[in-house]
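K.L.:
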Amino acid sequence: MGNISAVTDAEFDQTVLMADKPVLVDFWAEWCGPCRQVAPILDELAGAHGEKMTFLKMNVDENPVTPSSYRVTGIPTINVYQGGQVVKTIVGARPKAALLKELADFI
(Lines of atoms letter the chains of each structure in order from A and count residues from 1; the text may use other names and numbers.)
(Lines give C-alpha, C1' and ligand atoms only; values in the text may rest on other atoms or scores of the structure.)
Protein backbone atom coordinates (compact mmCIF):
# COMPACT_ATOMS: atom_id res chain seq x y z
CA MET A 1 0.00 0.00 0.00
CA GLY A 2 2.14 2.79 -1.31
CA ASN A 3 -0.06 5.76 -0.43
CA ILE A 4 -1.25 4.58 2.97
CA SER A 5 0.80 4.94 6.14
CA ALA A 6 0.45 2.71 9.16
CA VAL A 7 -0.79 4.06 12.49
CA THR A 8 -0.14 2.47 15.88
CA ASP A 9 -2.03 2.44 19.18
CA ALA A 10 0.48 4.95 20.55
CA GLU A 11 -0.04 7.42 17.68
CA PHE A 12 -3.79 7.00 17.25
CA ASP A 13 -5.09 9.88 19.39
CA GLN A 14 -2.68 12.43 17.95
CA THR A 15 -2.80 11.24 14.32
CA VAL A 16 -6.47 10.33 13.98
CA LEU A 17 -8.61 11.89 16.68
CA MET A 18 -6.91 15.31 16.57
CA ALA A 19 -6.69 15.52 12.76
CA ASP A 20 -7.99 18.60 10.94
CA LYS A 21 -9.63 16.63 8.14
CA PRO A 22 -11.49 13.30 8.00
CA VAL A 23 -9.32 10.22 8.59
CA LEU A 24 -10.07 6.79 7.17
CA VAL A 25 -8.54 3.94 9.18
CA ASP A 26 -8.40 0.48 7.62
CA PHE A 27 -8.23 -2.13 10.39
CA TRP A 28 -6.58 -5.19 8.83
CA ALA A 29 -4.31 -8.20 9.41
CA GLU A 30 -1.71 -10.05 7.31
CA TRP A 31 -3.73 -13.29 7.32
CA CYS A 32 -7.01 -11.67 6.21
CA GLY A 33 -7.87 -12.41 2.56
CA PRO A 34 -10.63 -9.79 2.23
CA CYS A 35 -8.22 -7.22 3.73
CA ARG A 36 -5.78 -7.95 0.90
CA GLN A 37 -8.62 -7.50 -1.62
CA VAL A 38 -9.52 -4.06 -0.26
CA ALA A 39 -5.92 -2.82 0.12
CA PRO A 40 -5.27 -1.88 -3.54
CA ILE A 41 -8.67 -0.18 -3.79
CA LEU A 42 -7.94 1.95 -0.71
CA ASP A 43 -4.47 2.68 -2.07
CA GLU A 44 -6.05 3.95 -5.29
CA LEU A 45 -8.57 6.07 -3.36
CA ALA A 46 -5.79 7.51 -1.21
CA GLY A 47 -3.90 8.52 -4.33
CA ALA A 48 -6.98 10.19 -5.82
CA HIS A 49 -8.50 11.75 -2.69
CA GLY A 50 -5.64 12.10 -0.22
CA GLU A 51 -5.93 15.89 -0.16
CA LYS A 52 -9.49 15.73 1.25
CA MET A 53 -9.07 12.80 3.62
CA THR A 54 -6.16 11.11 5.37
CA PHE A 55 -5.89 7.36 4.72
CA LEU A 56 -4.24 5.15 7.35
CA LYS A 57 -4.06 1.45 8.11
CA MET A 58 -3.80 -0.33 11.46
CA ASN A 59 -2.64 -3.92 11.86
CA VAL A 60 -5.00 -5.36 14.50
CA ASP A 61 -2.52 -8.09 15.51
CA GLU A 62 0.25 -5.57 16.25
CA ASN A 63 -2.09 -2.94 17.77
CA PRO A 64 -4.86 -4.61 19.81
CA VAL A 65 -5.85 -1.65 22.03
CA THR A 66 -7.46 0.70 19.50
CA PRO A 67 -9.51 -1.91 17.60
CA SER A 68 -10.81 -3.22 20.92
CA SER A 69 -11.80 0.24 22.14
CA TYR A 70 -13.78 0.82 18.91
CA ARG A 71 -15.34 -2.66 19.04
CA VAL A 72 -13.72 -3.82 15.82
CA THR A 73 -14.68 -7.50 15.80
CA GLY A 74 -14.45 -8.32 12.09
CA ILE A 75 -11.88 -7.26 9.53
CA PRO A 76 -11.52 -5.50 7.29
CA THR A 77 -13.27 -2.73 9.17
CA ILE A 78 -12.95 0.77 7.78
CA ASN A 79 -13.76 3.61 10.17
CA VAL A 80 -13.92 7.25 9.19
CA TYR A 81 -13.13 9.66 12.02
CA GLN A 82 -14.00 13.35 12.02
CA GLY A 83 -13.69 15.68 14.98
CA GLY A 84 -12.49 12.82 17.17
CA GLN A 85 -15.59 10.69 16.52
CA VAL A 86 -16.42 7.73 14.30
CA VAL A 87 -18.73 9.10 11.61
CA LYS A 88 -18.78 6.06 9.30
CA THR A 89 -18.09 2.33 9.69
CA ILE A 90 -17.78 -0.12 6.82
CA VAL A 91 -17.31 -3.79 7.72
CA GLY A 92 -16.15 -6.28 5.12
CA ALA A 93 -14.63 -6.05 1.67
CA ARG A 94 -16.39 -3.85 -0.87
CA PRO A 95 -15.76 -3.14 -4.57
CA LYS A 96 -14.39 0.28 -5.45
CA ALA A 97 -17.76 1.66 -6.62
CA ALA A 98 -19.42 0.71 -3.33
CA LEU A 99 -16.60 2.25 -1.27
CA LEU A 100 -16.78 5.47 -3.29
CA LYS A 101 -20.53 5.65 -2.66
CA GLU A 102 -20.10 5.05 1.08
CA LEU A 103 -17.33 7.65 1.31
CA ALA A 104 -18.97 10.25 -0.94
CA ASP A 105 -19.65 12.62 1.96
CA PHE A 106 -15.94 12.83 2.76
CA ILE A 107 -14.10 12.75 -0.59
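Under full-length UniProt numbering, the first residue of the sequence shown is numbered 1, with each subsequent residue one higher. Note that beta-carbon positions come from the ideal geometry of N, C-alpha and C, so glycine has one too.
Which whole-angstrom value describes the C-beta separation of Gly-50 and Asn-3, a residue pair presumed to lie in contact below a C-beta threshold of 8 Å?
P.N.:
As a first step, residue 50 is located in the sequence shown; it is residue number 50 there, counting from the start. As a first step, residue 3 is located in the sequence shown; it is residue number 3 there, counting from the start. That pair is a contact at about 6 Å.
K.L.:
Is the beta carbon of Met-58 less than 8 Å from the beta carbon of Phe-27?
P.N.:
Position 58 of the sequence shown, counted from the first residue, corresponds to residue 58. Position 27 of the sequence shown, counted from the first residue, corresponds to residue 27. A contact, by the Cβ cut-off of 8 Å.
K.L.:
Is the number of C-beta pairs between the stretch 60-75 and the stretch 36-45 that are closer than 8 Å three or more?
P.N.:
no
K.L.:
Could you tell me the boundaries of the alpha helix (DSSP H) in which Asp-43 lies?
P.N.:
What you label residue 43 is simply residue 43 of the sequence shown in a count that begins at 1. First-last of the alpha helix (DSSP H) with Asp-43: 33-49.
K.L.:
Does the distance from the C-beta atom of Leu-56 to that of Leu-24 stay below 8 Å?
P.N.:
For this step, residue 56 is matched to residue 56 along the sequence shown. For this step, residue 24 is matched to residue 24 along the sequence shown. Contact: yes.
K.L.:
Suppose contacts are defined by Cβ-Cβ distances below 8 Å. Is Ala-93 in contact with Val-16 by that definition?
P.N.:
In the sequence shown, the residue the question calls residue 93 occupies position 93. In the sequence shown, the residue the question calls residue 16 occupies position 16. Against a cut-off of 8 Å, the Cβ pair of Val-16 and Ala-93 comes out as no contact.
K.L.:
Going straight from the alpha carbon of Gly-83 to that of Pro-22, what length do you get?
P.N.:
As a working mapping, residue 83 is identified with position 83 in the sequence shown. As a working mapping, residue 22 is identified with position 22 in the sequence shown. Those two C-alpha atoms are separated by around 8 Å.
K.L.:
Return the CA-CA distance between Ala-19 and Cys-32, expressed in angstroms with no decimal places.
P.N.:
Within the sequence shown, the letter at position 19 stands for residue 19. Within the sequence shown, the letter at position 32 stands for residue 32. Their Cα atoms are separated by approximately 28 Å.
K.L.:
So the candidates are Val-91, Lys-96 and Tyr-81; which of them puts its Cα closest to the Cα of Gln-14?
P.N.:
As a working mapping, residue 14 is identified with position 14 in the sequence shown. Closest option to Gln-14, Cα to Cα, is Tyr-81.
K.L.:
Per DSSP, what kind of secondary structure is Val-91 in: helix, strand or coil?
P.N.:
The residue given as residue 91 occupies position 91 in the sequence shown. Three-state result, Val-91: strand.
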